[in-house]
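*Asks:*
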Amino acid sequence: MNAFTNSRIVAAYRERTPGSASLAAEAARLFPSGVTHDGRYLDPYGLYVSRAQGPHKWDVDGNRYIDFFGGHGALLLGHQHPAVTEAVATAMAAGTHFGASHQGEITWAKAIQRLVPSAERVRFTSSGTEATLMALRLARAFTGRQTILRLRAHFHGWHDHMAGGYSNHFDGTPTPGVIPGITDKTVLVDQNDIAGLRAAFAANNDIAAAILEPTGGTFGQIPIDPDFVHELRRLTEANGALLIMDEVVTGFRVSPGGAQVAYGIRPDLSSFAKIVAGGLPGAAVAGRKDVLDQLDFAVSAAAGKEKIQHPGTFNANPVSAAAGTAALTVIAETDATDRASATAAALRAALNAVLEDAGLSWAFYGTYSGFHLFTNPGKRAIRPTSFDAMTIPAAELKDSPKALLGRLRLAMMVNGVDTNGRIGGVLSATHTEQDVADTAAALRESLKMLRQEGEV
Ligand code: PMP
């Protein structure tokens, strides 16, 4: 028996989604928990989607959803942007893998450089996880130091160096399968704690690099103080450490040049994924020539240093290169980034108006084209429409009632909206005023359903 057995919300969800239920039953015999990404795990089962267009997607039962998952953040231009689709079709027709260099990778790197001035050199990888892994290796080799400074609750992929510290193990202890030798070389600091940051640098002369999500943990679920980011730049430079901006989510989304351009901060290295490959698999590490030169055969040999090796079957895959180039070109030449941010601001305001009408002291907040829900576990006296997340401690912002949000998410789906598990998400340039109004209506209806179940 699960806790949802008598829920009318769950019954309504099951009734609308028999096709997903049947596929989920099959998947349960194939995949751990029946899913292929932790973020897609949902009780009683997740949606099976068969088609997507613009800001919308349709499940196998034909139900339409306003999509705020946005390809895990990859789809700033929405699903099936015509320029991206056409570029991919052309690339596919020429072949999917040449086992050789190709012109598309040059165009792709230039499209990044056009937007990101710090990208003196670029190296393509297949995922953001690989990009941060390479960034750390480059930084450690370049500085001859071993320790990495990270910020608690910032996510940088799932490799061993980044496996804990974002949703658990905030004390720096290793997660299952990770050896202590790795976590011993990590210093975790609280975001926005400038004194703690200074103390960490003062206490440790082995810091090779600091890495951060530049607008705060989980795309600003914990909003960052820009002064903290500037201080981190100053301290890394003063202490001979590199600054790695993990722009996997923020790249091309916060501004066409990413968070770094928005802040006016030049990092030594950046990691990009998601939008950089236009909705296909692909990622990159980019930054200072002298640092990326550690991957260069001739430069390493001339310096008498061992080159850092970097193979990777799908590095700069031609189809991903075509999709990425097309997407970055649209971003450079249109107001797509600003449009997504403006619609997100309208959505946050509309959702907060619904909360206020409902007399709930929760709040939607966020920056740029993202939104997050604060469920106010400490019962603070807040007003949704004037809520300032900067005044709330990180632990409270992250502390959300899982079962309640699980049910709210199902209710939102029953009402035609797909958010992430925390009832947040990202917008694309294709979301419209109508999508904002429909999402607000879906929230109103979902809160009513929760009330009927005595949940709020
Ligand atoms: N860094 C950040 C900030 C991310 O949000 C993610 C993925 N959500 C990653 C790194 C890892 O990227 P990938 O999923 O492509 O490995």
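In my numbering, the protein residues as written are 2 to 457.
Built from N, CA and C at the ideal position, the CB exists for glycine as well.
Treat the numbers as computed from the prediction; the structure is a model and nothing was measured.
Ligand 1: which residues have Cβ under 6 Å from any of its heavy atoms, chain order?
*Replies:* Any residue whose Cβ sits closer than 6 Å to a heavy atom of ligand 1 makes the list: His73, Ser128, Gly129, Thr130, Thr133, Phe156, His157, Gly158, Glu214, Asp247, Val249, Val250, Ala274 and Ala284.
*Asks:* According to DSSP, which residues form a beta bridge with Phe372?
*Replies:* Gly426.
*Asks:* Could you give the distance in angstroms between the alpha-carbon of Ile113 and the alpha-carbon of Ser128?
*Replies:* When rounded, the distance between both Cα atoms is 16 Å.
*Asks:* By how many angstroms is the C-alpha of Leu243 removed from the C-alpha of Gln310?
*Replies:* Taking the straight line from one Cα to the other gives about 20 Å.
*Asks:* If you compare alpha carbons, which of Arg381, Ala347, Gly63 and Gly371 is closest to Leu361?
*Replies:* With distances taken between Cα atoms, Leu361 lies closest to Arg381.
*Asks:* Are the region 322-331 and the region 102-109 touching by the rule of at least three beta carbon pairs closer than 8 Å?
*Replies:* Short answer: they touch.
*Asks:* What does DSSP give as the partner residues of Gln54 in its beta bridges?
*Replies:* Bridge partners of Gln54: His57.
*Asks:* Go through its chain and collect everything with a Cβ distance to Met2's Cβ below 6 Å, but skip five positions before and after it.
*Replies:* Residue placement at Met2 is flagged as unreliable, the pLDDT there being 38, under the threshold of 50; a coordinate-derived value is accordingly withheld.
*Asks:* Under three-state DSSP, which class holds Arg138?
*Replies:* Arg138: helix per DSSP, three-state reduction.
*Asks:* Determine the extent of the alpha helix (DSSP H) in which Tyr14 is found, giving its start and end residues.
*Replies:* It spans Arg9 to Arg17 - the alpha helix (DSSP H) in which Tyr14 sits, taken as one unbroken run.
*Asks:* Below 6 Å CB to CB, which residues in the same chain sit around Ile245 once its five sequence neighbours on both sides are set aside?
*Replies:* Excluding positions up to five away in sequence, the list reads Ala136, Ala210, Ile212 and Leu270.
*Asks:* Mind checking Trp364: buried by the 16 CB within 10 Å criterion, or exposed?
*Replies:* One point to set straight first is that residue 364 is Ala, not Trp, in the sequence displayed. Buried, since its Cβ has 16 or more Cβ neighbours within 10 Å.
*Asks:* What distance in whole Å lies between the Cβ atoms of Gly279 and Val85, which are believed to be in contact at a cut-off of 8 Å?
*Replies:* Rounded, the Cβ-Cβ distance is 5 Å, consistent with contact.
*Asks:* Can you tell me whether Phe298 is buried or exposed, with buried defined as 16 or more other CB within 10 angstroms of its CB?
*Replies:* Exposed, because fewer than 16 other Cβ atoms sit within 10 Å of the Cβ of Phe298.
*Asks:* Given that a residue counts as buried once 16 or more other Cβ atoms are within 10 Å of its Cβ, and exposed if not, what is Val123?
*Replies:* Under this definition Val123 is a buried residue.
*Asks:* Could you give the DSSP three-state label for Ala287: helix, strand or coil?
*Replies:* Reduced to three states, the DSSP call for Ala287 is strand.
*Asks:* Could you tell me the alpha carbon to alpha carbon distance between Lys449 and Arg52, rounded to whole angstroms?
*Replies:* Approximately 29 Å between the Cα atoms of the pair.
*Asks:* Could you check whether Ser23 and Leu48 sit closer than 8 Å to each other, using their CB atoms as the reference points?
*Replies:* Cβ distance not < 8 Å, so Leu48 and Ser23 don't count as in contact.
*Asks:* Tell me the residue span of the alpha helix (DSSP H) that contains Leu233.
*Replies:* Its alpha helix (DSSP H) spans residues Pro227 to Ala239.
*Asks:* I need the straight-line Cα distance from Ala140 to Ala302, nearest angstrom please.
*Replies:* The alpha-carbon atoms of Ala140 and Ala302 are separated by roughly 19 Å.
*Asks:* Among Phe372, Ser321 and Gly288, which has the Cα closest to the Cα of Ile223?
*Replies:* Of the candidates Phe372, Ser321 and Gly288, the one whose C-alpha sits nearest the C-alpha of Ile223 is Phe372.
*Asks:* Could you tell me which uninterrupted beta strand (DSSP E) segments, each at least 3 residues in length, are contained entirely in the region 239-320, listed from first to last along the chain?
*Replies:* As far as the region 239-320 is concerned, its whole beta strand (DSSP E) runs of at least 3 residues are 243-247, 270-273 and 284-288.
*Asks:* Counting along the chain, where does the alpha helix (DSSP H) carrying Phe156 start and finish?
*Replies:* Where Phe156 is concerned, there is no enclosing alpha helix (DSSP H), given that its DSSP letter is neither H nor E.
*Asks:* How would you label Glu434, buried or exposed, when you count the other beta carbons within 10 angstroms and need 16 or more for buried?
*Replies:* When all chains shown are included, Glu434 counts as exposed.
*Asks:* By the 10 Å Cβ neighbour count, where 16 or more other Cβ atoms means buried, how is Glu214 classified, buried or exposed?
*Replies:* Answer is buried; the Cβ neighbour count reaches 16.
*Asks:* Have a look at the DSSP bridge pairing and note the partners of His80.
*Replies:* According to DSSP, which records beta bridges pairwise, His80 is partnered with Gly55.
*Asks:* Rounded to whole angstroms, what's the CA-CA distance from Val61 to Glu27? Just pull it up for me.
*Replies:* Going from the Cα of Val61 to the Cα of Glu27 covers about 14 Å.
*Asks:* So Gly213 is in the beta strand (DSSP E); what residue range does that whole segment cover?
*Replies:* Before going on, a small fix: residue 213 reads as Leu here, not Gly. Element bounds for Leu213: Ile208 to Leu213.
*Asks:* By alpha-carbon positions, which one of Ala317, Met163 and Ala196 ends up nearest to Ile180?
*Replies:* When only C-alpha atoms are compared, the closest one is Met163.
*Asks:* Select from Ala263, Arg254, Leu405 and Ala204 the residue whose C-alpha is nearest the C-alpha of Ala236.
*Replies:* The sequence shown places Leu at residue 236, not Ala. Looking at the Cα atoms, Ala204 is the closest of the given residues.
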